[in-house]
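Residue numbers (our numbering): 134 to 450. See structure below.
Right, dumping it as structure tokens:
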């Protein structure tokens, strides 16, 4: 063999070794799921962590505010987000979609709801539509209750107030958290007090509070279909190319509203049950669901994914 040929083969060997090493190193990187502190998104995110771990991947769920979720996806500090509620999040998310730094990817839950709500006795007394809210300002103490600061729903409410939409200019947004807001709404409802709050489905609030969603939402607020929403899975740019197997899993992971309602209701009824425990128990009882999720998905070392997750469930639940 000539010296020149030996040198070419040596260089080729080094390049191949470095290439394989880089692939191995990349495959070992932790998959970061960006989440927000809402029950539904928490369930989806924690379930995804468990599915990934059953397949041999490292994964973590990091909780942010909505704007930080999109910054993290845009910079590559997070890989996926299961809680893109549209159209209400358009004012936060669309600029990242337009730039191409975040990919909308796939609808994981159609038929959701996200808009303002009231206890049903308020609706029966006349507060049925966005245009009715200002008529009952005194009864409402001129307050609308939202969740955590920076949340897209809060931004919509504040924009309605700032622009005096529906005559809401005198109102104040009360920002807190999902848990605090729902505690307040339950306390008001228990005492027949009037309150307008941010509501959504699926969520156990729909079982815990006799509530009615208001009509009258517009394309500039919670959407022109009275707050009916589609929840999307978003990924960072290039994730599907870097991790095609995991990207396929994320594309397959859909969460029907009925499934989420059942899981959330189980958590509400059993105070000692963590959301992820309820979700894994539900999946164990519904192997057809995780079978669809893992269709065509393998473990990190190339074995059938559904069998690996079944074994994982058997050991956990």
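Where a beta carbon is used, it is the ideal one built from N, C-alpha and C, also for glycine. Keep in mind the model is a prediction, meaning the values are calculated, not measured.
Reducing DSSP to helix, strand and coil, say where residue 193 ends up.
Working through the chain shown from its first residue, we reach residue 193 at position 60. Three-state result, residue 193: strand.
What's the gap between the Cα of residue 260 and the Cα of residue 347?
Locating residue 260 in the chain shown gives position 127, where the first residue counts as 1. Locating residue 347 in the chain shown gives position 214, where the first residue counts as 1. Answer to the nearest angstrom: the Cα atoms are 8 angstroms apart.
Going along the chain, which unbroken runs of the beta strand (DSSP E) with 3 or more residues stay wholly within the stretch 294-336?
As far as the stretch 294-336 is concerned, its whole beta strand (DSSP E) runs of at least 3 residues are 305-307 and 330-334.
Spatial neighbours of residue 373 within its chain, please: C-beta separation below 7 angstroms, excluding the five flanking residues on both sides.
Taking the first residue of the chain shown as 1, we reach residue 373 at position 240. So the list reads 380, once near-sequence residues are dropped.
Within a Cβ cutoff of 6 angstroms, which residues of the same chain sit near residue 439, ignoring the five residues on either side of it in sequence?
Within the chain shown, numbered from 1, the residue matching residue 439 stands at position 306. Cβ within range, chain order: 424 and 427.
Return helix, strand or coil for residue 362, following the three-state DSSP convention.
For the purposes of this step, residue 362 is taken as residue 229 along the chain shown, with counting starting at 1. Here residue 362 sits in strand by DSSP.
Closer than 8 angstroms is the cut-off here; do at least three beta carbon pairs connect the stretch 207-218 with the stretch 235-247?
Flag = yes, the stretch 207-218 and the stretch 235-247 touch.
Using the three-state DSSP reduction, which class does residue 258 fall into: helix, strand or coil?
Looking up residue 258 in the chain shown gives position 125. In the structure shown, residue 258 sits in coil (DSSP, three-state: anything other than H, G, I, E or B).
Do you know offhand how far residue 183's Cα is from residue 303's?
Within the chain shown, numbered from 1, the residue matching residue 183 stands at position 50. Within the chain shown, numbered from 1, the residue matching residue 303 stands at position 170. Distance between the alpha carbons of residue 183 and residue 303: 46 angstroms.
Given that a residue counts as buried once 16 or more other Cβ atoms are within 10 Å of its Cβ, and exposed if not, what is residue 419?
As a first step, residue 419 is located in the chain shown; it is residue number 286 there, counting from the start. It counts as exposed.
Pick out whichever of 375, 385, 201 and 334 has its Cα sitting closest to the Cα of residue 363.
Counting from 1 along the chain shown, the entry for residue 363 is found at position 230. Checked all of 375, 385, 201 and 334; the closest Cα to residue 363 is 334.
Less than 6 angstroms between C-beta atoms, sequence neighbours within five positions excluded: which residues of the same chain meet that for residue 404?
To locate residue 404, count along the chain shown from 1; it is residue 271. Cβ neighbours of residue 404 beyond the five flanking positions: none.
Please state whether DSSP places residue 275 in a helix, a strand or coil.
Residue 275 sits at position 142 when you count from the first residue of the chain shown. Here residue 275 sits in coil by DSSP.
On the DSSP letters alone, give me the boundaries of the beta strand (DSSP E) that residue 218 sits inside.
The residue labelled residue 218 in the question sits at position 85 within the chain shown. Residue 218 -> beta strand (DSSP E) spans 213-219.
Measure the C-alpha to C-alpha separation of residue 298 and residue 291 and round it to an integer number of angstroms.
The count along the chain shown starts at 1 and reaches residue 298 at position 165. The count along the chain shown starts at 1 and reaches residue 291 at position 158. If you take the alpha carbons of residue 298 and residue 291, they lie about 10 angstroms apart.
On the criterion of 16 or more Cβ atoms from any shown chain inside 10 Å, does residue 449 qualify as buried, or is it exposed?
Position 316 of the chain shown holds residue 449. Answer is exposed; the Cβ neighbour count stays below 16.
Considering only their Cβ atoms, is the gap separating residue 336 from residue 172 smaller than 8 angstroms?
What you label residue 172 is simply residue 39 of the chain shown in a count that begins at 1. What you label residue 336 is simply residue 203 of the chain shown in a count that begins at 1. Yes.
List the endpoints of the continuous alpha helix (DSSP H) containing residue 433.
Here residue 433 corresponds to residue number 300 of the chain shown, with the count starting at 1. Per DSSP, residue 433 belongs to no alpha helix (DSSP H) and is neither H nor E.
Three or more C-beta pairs under 8 angstroms: does that hold for the stretch 269-286 against the stretch 429-443?
Touching, no.
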